[in-house]
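Beneath this line is the structure, given in structure tokens, with notes to follow.
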Amino acid sequence: MAETSKFWDKTAEKYARLPITHEDDYLTKLKVTQSYLQPEMRLLECGCGTGGTAIAHAPHVAHIQAIDFSENMLEKARLRAREAGASNIAFECADITLIPKPKVPYDMVLAMSVLHLLKDPDAVIVKIYEMLAPGGYFVSSTACLGDSMGYFKLLAPIGRAVGLLPILKVMSTEDVTAKIEASGFEIAHRWKPGADRALFLVARKPQ
Ligand SMILES: C[S@@+](CC[C@H](N)C(=O)[O-])C[C@H]1O[C@@H](n2cnc3c(N)ncnc32)[C@H](O)[C@@H]1O
């Protein structure tokens with residue numbers, strides 16, 4: 016079923032102005048991701064938001080397809096990419112849960128701060144696996160609320176009902192790792208900078 020972009024459309028203006036949380040972690044994740052990039056690679060970024068990650072990786076690859084289901088987020092992303100002169104990013108308004116398999120598989124798919132925002136992350140992980148070429152990489156950063164904030168299982172549906180929260184899937188570090196491995200990926204890099212920090216994974220589809 017299609018998920019809703021309403022929360023993110025409302026949030027885009029504020030999100031674009033917010034400083035990056037734990038900027039050092041973010042910069043490390045960019046650096047680690049870039050260590051896997053090659054100039055001929057074609058990437059898909061799911062839930063690209065205001066475009067910062069795609070813009071950072073653009074000079075290192077051939078092309079990035081950056082999708083988000085919030086038009087308001089994409090408006091900010093397109094403007095930022097133009098200002099940065101990043102001409103090899105194609106922004107598209109699309110729901111990750113509904114996009115078709117590409118004719119040519121991607122070399123890398125990114126989902127930064129996205130998996131915990133999906134009703135059915137397992138289905139999306141399987142889809143990502145199918146969209147990748149053998150040997151391709153799935154890079155993700157995921158809030159693991161189940162590690163220390165299990166009470167969100169109760170709060171999340173209430174927050175969502177009153178429009179204060181988006182869909183929030185409460186998963187632990189082990190849950191996320193197990194879901195990715197169960198889809199057939201091998202974990203190439205795993206980093207969790209602190210108990211309350213997002214889990215960063217680089218997973219590889221076997222050859
Ligand atoms: C927390 S923001 C992260 C944005 C960006 N990846 C970053 O790290 O700053 C989550 C983004 O995912 C998008 N999103 C959530 N569910 C989505 C879906 N089913 N399809 C496409 N985009 C989605 C939201 O619109 C939002 O822009």
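Take 16 as the starting number for the sequence shown in this note's numbering and just add one per residue.
Where a beta carbon is used, it is the ideal one built from N, C-alpha and C, also for glycine.
May I have the straight-line CA-CA distance separating residue 196 from residue 92, to the nearest angstrom? Computed Cα separation, rounded: 31 Å.
Beta-carbon proximity check, residue 213 vs residue 158, cutoff 8 Å: In contact: residue 213 and residue 158 (Cβ atoms closer than 8 Å).
What's the call for residue 33, buried or exposed, on a 16-neighbour Cβ count within 10 Å? Exposed, since its Cβ has fewer than 16 Cβ neighbours within 10 Å.
Boundaries (first-last residue) of the beta strand (DSSP E) holding residue 203: That run of the beta strand (DSSP E) goes 201–206.
Three-state secondary structure (DSSP) of residue 126: Looking at residue 126 - three-state DSSP - the assignment turns out to be strand.
Can you find the residues in the same chain that come closer than 8 Å, C-beta to C-beta, to residue 124, ignoring five residues on each side of it along the sequence? Closer than 8 Å at Cβ, skipping near neighbours: 58, 59, 60, 61, 143, 146, 147, 151, 152, 153 and 154.
How many angstroms separate the CA atom of residue 67 from the CA atom of residue 135? Between the alpha carbons of residue 67 and residue 135 lies a distance of about 25 Å.
Nearest by alpha-carbon distance to residue 208: which of 31, 44, 222 and 199 is it? For the options 31, 44, 222 and 199, the alpha carbon positioned closest to that of residue 208 is the one of 44.
Identity of the residues DSSP links to residue 80 by a beta bridge: DSSP output for residue 80 lists 59 and 105 as bridge partner(s).
Do residue 104 and residue 69 have their C-beta atoms within less than 8 Å of each other? Result yes, Cβ atoms of residue 104 and residue 69 sit closer than 8 Å.
Count the other C-beta atoms from every protein chain shown that fall within 10 angstroms of the C-beta of residue 177, then say buried if there are 16 or more, exposed otherwise. When all chains shown are included, residue 177 counts as exposed.
Per DSSP, which residues does residue 141 bridge with? Please list them. Bridge partners of residue 141: none, in fact.
Considering Cα atoms alone, identify which of 198, 101 and 156 is closest to residue 37. When each option's Cα is compared against that of residue 37, the closest is 156.
Simplified DSSP assignment, three categories, for residue 147: DSSP places residue 147 in the strand class (E or B) of the three-state scheme.
Where the beta strand (DSSP E) containing residue 73 begins and where it ends: Per DSSP, residue 73 belongs to no beta strand (DSSP E) and is neither H nor E.
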